[in-house]
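Residue numbers (the UniProt record's numbering): 1 to 92.
See below:
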């Protein structure tokens, strides 16, 4: 098994990684054959756990570390990068 692909992302949407944003994150992860984890300040959660993502309390301006393994790891991380940069589809 290869080493995880990891990237750091800045949360830029107004409300941070709240319930709706976390749900969109999970939906995106589930589209790929990859195992995704998300870390912030020493806490790591699964990328398919809405509650886990919300527990990270990643507000605007916070950085999160996204790591993925699996056949589609690179595609998953790229898609998550776009989702986060697009502010989870939220206004402003």
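By construction, the Cβ of each residue, glycine as well, lies at the ideal position given by its N, Cα and C atoms. Note that the structure is a prediction, hence the values are computed from the model and not measured.
Collapsed DSSP secondary structure at residue 71 in the structure displayed | coil
What number of angstroms, rounded off, separates the C-alpha of residue 51 from the C-alpha of residue 74?
-> 24 Å
Local conformation of residue 61 per DSSP, three classes | coil
Exposed or buried, which one is residue 47 when buried takes at least 16 other CB atoms within 10 Å?
-> buried
C-beta contact flag for residue 67 and residue 6 at 8 Å | yes
Tell me where the beta strand (DSSP E) around residue 6 begins and ends.
-> 5-10
Report the three-state DSSP secondary structure of residue 22 (helix, strand or coil).
-> helix
Relative to the C-alpha of residue 15, which residue among 45, 58, 38 is closest?
-> 58
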